[in-house]
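In mature numbering (1 follows the signal peptide of the UniProt record, and there is no 0), the protein residues as written are -20 to -1, 1 to 120. Heads up, the beta-carbon is just placed ideally off N, CA and C, and yes, glycines get one too.
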């Protein structure tokens, strides 16, 4: 029994090595990121205008970083507002899930809020259970 486990593990390691070499993961070109003050000022203007329009006094801050790729290059311009503040970004993936849920609903021919029962608590209270329901729905 130990001998067959050894061969299975060895086979899996060999397959993993072959697959990882074929993916081209080590052939990614280097990327250059340049801080762009003009872009940062534009983001700040939009952010300040957005915050000024908020009804709730509880919504007082918004940090943002935007990367824009220069056409046909590996150079990206970066603009930030409070870009060095320490934040807790773990739940930001849920924004992408929310977008994917809206897209999924549209592709199913339903209203864009067809998964709102799960999307709302996923975003508002960061419910991991509801996140699971959303991910299950959008990935079948």
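{"Item": "Separation of residue 25 from residue 95, as counted between CA atoms", "Value": "34 Å"}
{"Item": "Whole-angstrom distance between residue 22 and residue 137, CA atom to CA atom", "Value": "The first residue shown for the chain is -20 and the last is 120, placing residue 137 beyond what the model contains."}
{"Item": "Extent of the continuous beta strand (DSSP E) run through residue 49", "Value": "44 to 49"}
{"Item": "Residue nearest to residue 117 in terms of C-alpha spacing, selected from 43, 50, 88, 53", "Value": "88"}
{"Item": "The stretch 75 to 87 / the stretch 38 to 51 touching (three or more Cβ pairs under 8 Å)", "Value": "no"}
{"Item": "Nearest candidate by alpha-carbon position, reference residue 61, set 36, 18, 50, 52", "Value": "18"}
{"Item": "Whole-angstrom C-beta distance between residue 103 and residue 74, which should lie under 8 Å", "Value": "6 Å"}
{"Item": "Between the CA atoms of residue 36 and residue 71 - distance to the nearest angstrom", "Value": "22 Å"}
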